[in-house]
Amino acid sequence: MSAKKLNNKAWWLVAPVVLLVAFNAVIPLMTVVNYSVQETFGDNLFFFEGMKWFEEVLSSERFHDSLIRQLKFTFIILLIQVPLGVAIALTMPRKGFWASVCLILMAMPLLIPWNVVGAMWNIFALPDIGLLGYTLNAMGFDYNFTRQPVAAWATLITMDVWHWTSLVVLLSYAGLSAIPDAYYQAARIDGANAFKVFRYIQLPKLKRVLTIAILLRFMDSFNIYTEPFVLTGGGPGNTTTLLSLDLVKIALGQFDLGPAAAMSLIYFLIILLFSWVFYTAMTRGEDK
Amino acid sequence: MARIDIKALRHSYKPNPLNDDDYALKQVDLTWDDGGAYALLGPSGCGKSTLLNIISGLLAPSEGEISFDGDAVNHKTPDERHIAQVFQFPVVYDTMTVYDNLAFPLRNRGVAETVVDERVRSVAEMTDLTDMLHQRASGLTADGKQKISLGRGLVREDVNVIMFDEPLTVIDPHLKWKLRSKLKELHQRVKTTMIYVTHDQTEALTFADRVVVMHEGWVVQEGTPVELFERPSHTFVGHFIGSPGMNVLPCEVSAEGVRISGVAIDIAQQEFSVDQEKRYEIGIRPEFISFAPEGLPVEVVSIRDTGRNKIVETDFFGNKLKVLVPEGADVPEGKAFVQLDKNYTLLYENDWIVE
Numbered sequence: 001m002s003a004k005k006l007n008n009k010a011w012w013l014v015a016p017v018v019l020l021v022a023f024n025a026v027i028p029l030m031t032v033v034n035y036s037v038q039e040t041f042g043d044n045l046f047f048f049e050g051m052k053w054f055e056e057v058l059s060s061e062r063f064h065d066s067l068i069r070q071l072k073f074t075f076i077i078l079l080i081q082v083p084l085g086v087a088i089a090l091t092m093p094r095k096g097f098w099a100s101v102c103l104i105l106m107a108m109p110l111l112i113p114w115n116v117v118g119a120m121w122n123i124f125a126l127p128d129i130g131l132l133g134y135t136l137n138a139m140g141f142d143y144n145f146t147r148q149p150v151a152a153w154a155t156l157i158t159m160d161v162w163h164w165t166s167l168v169v170l171l172s173y174a175g176l177s178a179i180p181d182a183y184y185q186a187a188r189i190d191g192a193n194a195f196k197v198f199r200y201i202q203l204p205k206l207k208r209v210l211t212i213a214i215l216l217r218f219m220d221s222f223n224i225y226t227e228p229f230v231l232t233g234g235g236p237g238n239t240t241t242l243l244s245l246d247l248v249k250i251a252l253g254q255f256d257l258g259p260a261a262a263m264s265l266i267y268f269l270i271i272l273l274f275s276w277v278f279y280t281a282m283t284r285g286e287d288k
Numbered sequence: 289m290a291r292i293d294i295k296a297l298r299h300s301y302k303p304n305p306l307n308d309d310d311y312a313l314k315q316v317d318l319t320w321d322d323g324g325a326y327a328l329l330g331p332s333g334c335g336k337s338t339l340l341n342i343i344s345g346l347l348a349p350s351e352g353e354i355s356f357d358g359d360a361v362n363h364k365t366p367d368e369r370h371i372a373q374v375f376q377f378p379v380v381y382d383t384m385t386v387y388d389n390l391a392f393p394l395r396n397r398g399v400a401e402t403v404v405d406e407r408v409r410s411v412a413e414m415t416d417l418t419d420m421l422h423q424r425a426s427g428l429t430a431d432g433k434q435k436i437s438l439g440r441g442l443v444r445e446d447v448n449v450i451m452f453d454e455p456l457t458v459i460d461p462h463l464k465w466k467l468r469s470k471l472k473e474l475h476q477r478v479k480t481t482m483i484y485v486t487h488d489q490t491e492a493l494t495f496a497d498r499v500v501v502m503h504e505g506w507v508v509q510e511g512t513p514v515e516l517f518e519r520p521s522h523t524f525v526g527h528f529i530g531s532p533g534m535n536v537l538p539c540e541v542s543a544e545g546v547r548i549s550g551v552a553i554d555i556a557q558q559e560f561s562v563d564q565e566k567r568y569e570i571g572i573r574p575e576f577i578s579f580a581p582e583g584l585p586v587e588v589v590s591i592r593d594t595g596r597n598k599i600v601e602t603d604f605f606g607n608k609l610k611v612l613v614p615e616g617a618d619v620p621e622g623k624a625f626v627q628l629d630k631n632y633t634l635l636y637e638n639d640w641i642v643e
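Chains as they are written, first to last, in the working numbering: chain L, 1 to 288; chain X, 289 to 643.
Structural data, given as structure tokens:
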């Protein structure tokens, strides 16, 4: 009796999602997995190679260097953007005309296409004609981001800070706006100073949004490609060749599909692992 | 510890108030004695929270003066006024333990750690938090958190007044009663002035020695619970306090006396002047009306049994008149007569009691 009433038609409702996930995640990923264990010499001929590419990538100095550059980049921008973002959010007005102005100004960098950001900063920083580059040189600094690794790094990080700090600002601002007035009033009555208000009210209440902000900024910066590609192209030399730039060179420049696929998977697993460890650590011991 | 005087206080949230409607508080004059338990009672939007925030110093009044023991405190911060406030929603410092939460107001003022420890332990004992002192505050239930808020209010010995802004809103009904008795008990122990804001008459009447009833930015009455019940000075107080509220019937007033649809009514007030421009009403609580063999002719419309007593709705010349009958007493059907207790039959002129 009850078996007869089972209605499996509902599965059709899930079908669109299954298809979407299959086409945009599972199938492409499996293709990469497929490439990562094979060797090809063109003509669509493939030979099984097992773990060879993984071993090769993991032991290659080139990969180590890119990974270290990538970690350095991500670490530095997080170190700058998170405190800076929170600080800006704290100083932004809460209501009125200026609150809207600040929000729009803050949202602007996020709305600009990534390659435009790269191109803007490239021109802006050019030592002979760019406003920034020219000004710095006119002031007596020897600045040329196309030749000096330190200048290239400084420009790259400044660009990323300019482009993405807003995200941290907007998330923190939303988090701060969600704190009920009673907390601030209670703190005033309890005689807490501004630092204590930040330490015991604002920061704990921001914990969740900051977790999300750090996670997003970690993933995005670890994946960053367009802006450094347009700004420095990985140079001078290989000094700003981050993981994704290196990956594209291997996959599309040298057309080494096997090593590129293996590297992609390692790259993906690193991001997954970091994100998982960080998220678990941040949400551990939290009430549901 | 202090006496609080509020003189000609008005407050508007608008920058340039034009008329009375722009004021959240229209005119408030009050005196609160040191060590009393007071309640500010009124419906949402009557201005009671505004008044509370002005007393605590979170809000600066547009006009008027507020003083503690004769010293004007208009421009003093909450900290300088030495007040404590418990909010509608429990405010706890999530990352701290219960102990640190209670110690926070003292530590911020640089109190010595030995004194802090002694105060925290004594307050924890008063608020039943001793067992939880070393737990993280974020893990507590709503009533536990509200006890922390309350404890932070009690922990300082130098507070002039502790204010409660509808503190039991988020508390489960069966715990409300417990916390309310706790508050009353604490007041008797610490003898600090306490002001309790609520829209719940039961909370106000059980907690306070004196109740201030507010309505649309005005203080309509200040008195003991008994006074509010027996002699409401405004028809709003009559409606708002009591369940069911007071019957208010339009009447005609002349030199001969008070009549409703031609029937003479005996009232409590002996002498009064009549101004035909004004609107007159009779107010009488359902508790002071009884069915009788003779008296005012009414028609019984409906009976609602509350378990403790019966609320009988009757029609008296087109006016609704509620009568409260004890459980078990007989209620006549159809046409009947009622008697009004003369001492509690009050005359109102433009909603205010005729004195």
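Built from N, CA and C at the ideal position, the CB exists for glycine as well.
Remember, predicted model here, so these are calculated numbers, not experimental data.
Check                                                                                                                                                                                                            : Outcome
Report the rounded CA-to-CA distance for Ala325/X versus Phe495/X, giving the unit in angstroms.                                                                                                                 : 7 Å
Tell me the residue span of the alpha helix (DSSP H) that contains Ile157/L.                                                                                                                                     : Pro149 to Ser177
Can you name the residues that DSSP bridges to Met502/X?                                                                                                                                                         : Val507/X
Hey, Gln627/X and Ala580/X: beta-carbon distance below 8 Å or not?                                                                                                                                               : yes
Return the first residue and the last residue of the alpha helix (DSSP H) that Ala186/L is part of.                                                                                                              : Asp181 to Ile189
Mind checking Asn448/X: buried by the 16 CB within 10 Å criterion, or exposed?                                                                                                                                   : buried
Do you know offhand how far Ser221/L's Cα is from Thr74/L's?                                                                                                                                                     : 6 Å
Return no unless some Cβ of chain X is closer than 8 Å to the Cβ of Tyr279/L.                                                                                                                                    : no
Within the continuous alpha helix (DSSP H) that includes Asp388/X, where are the two ends?                                                                                                                       : Val386 to Arg395
Can you confirm whether the region 562 to 576 of chain X touches the region 537 to 544 of chain X when touching is taken to mean that 3 or more C-beta pairs between the two stretches lie within less than 8 Å? : yes
Grouping DSSP H, G and I as helix and E and B as strand, with all else coil, what is Phe141/L?                                                                                                                   : coil
Bridge partners of Ile371/X, per DSSP?                                                                                                                                                                           : Val449/X
Compute the Euclidean distance between the alpha carbons of Ala296/X and Lys336/X, then round it to the nearest angstrom.                                                                                        : 16 Å
Could you name the residues that DSSP lists as bridge partners for His522/X?                                                                                                                                     : Trp640/X
Looking at the C-beta of Gln434/X, does it have a partner C-beta in chain L at a distance below 8 Å?                                                                                                             : no
Go to Met482/X, then tell me how far its beta strand (DSSP E) extends in each direction, as first and last residue.                                                                                              : Thr481 to Thr486
The beta strand (DSSP E) that contains Ala624/X, what's its start and end?                                                                                                                                       : Lys623 to Leu628
Spatial neighbours of Leu13/L within its chain, please: CB distance less than 6 Å, with the 5 preceding and 5 following residues excluded, ordered by chain position.                                            : none
When you check each C-beta in the region 356 to 384 of chain X against every C-beta of chain L, which residues fall closer than 8 Å?                                                                             : Thr365, Pro366, Asp367, Ile371, Ala372, Gln373, Phe375, Gln376, Phe377, Val379, Tyr381, Asp382, Thr383 and Met384
From Gly398/X to Glu473/X, what distance separates their C-alpha atoms?                                                                                                                                          : 29 Å
For Asn122/L, which of helix, strand or coil comes out of DSSP?                                                                                                                                                  : helix
Mind listing which residues of the region 336 to 349 of chain X have their C-beta closer than 9 Å to chain L's C-betas, in chain order?                                                                          : Asn341, Ser344, Gly345 and Leu346
Alpha carbon to alpha carbon, how far is His503/X from Ile459/X?                                                                                                                                                 : 26 Å
What three-state label does DSSP hand Ile212/L in the structure shown?                                                                                                                                           : helix
Please confirm whether Pro393/X has its beta-carbon closer than 8 Å to some beta-carbon of chain L.                                                                                                              : yes
From Thr283/L, Leu71/L, Pro149/L and His163/L, pick the residue whose C-alpha is nearest to that of Leu84/L; which is it?                                                                                        : His163/L
Can you give me the start and stop residues for the beta strand (DSSP E) that Lys610/X sits inside?                                                                                                              : Asn607 to Pro614
Indicate whether at least one CB of chain X lies closer than 8 Å to the CB of Gln185/L.                                                                                                                          : yes
Closer than 8 Å by beta-carbon distance: list the chain X residues that pair up with Ile201/L, in chain order.                                                                                                   : Tyr381
Quick check on this structure: which residue in Val86/L, Met120/L, Ile271/L and Gly235/L has the alpha carbon closest to the alpha carbon of Pro204/L?                                                           : Val86/L
Report yes or no: is there a C-beta of chain C within less than 8 Å of the C-beta of Asn304/X?                                                                                                                   : Note that chain C does not occur in the displayed structure, where the protein chains are L and X.
Quick one: which chain L residues come within Cβ less than 7 Å of Arg407/X?                                                                                                                                      : By Cβ distance, chain L contributes nothing, its closest Cβ being about 14 Å from Arg407/X, past 7 Å.
Quick check on Pro204/L - is its C-beta less than 8 Å from some C-beta in chain X?                                                                                                                               : yes
Going by DSSP, what residue range makes up the alpha helix (DSSP H) through Ile271/L?                                                                                                                            : Leu257 to Thr283
So what does Trp320/X bridge to, in DSSP terms?                                                                                                                                                                  : Ile292/X
Please determine if the region 235 to 247 of chain L and the region 59 to 72 of chain L are in contact, where contact requires at least 3 C-beta pairs separated by less than 8 Å.                               : yes
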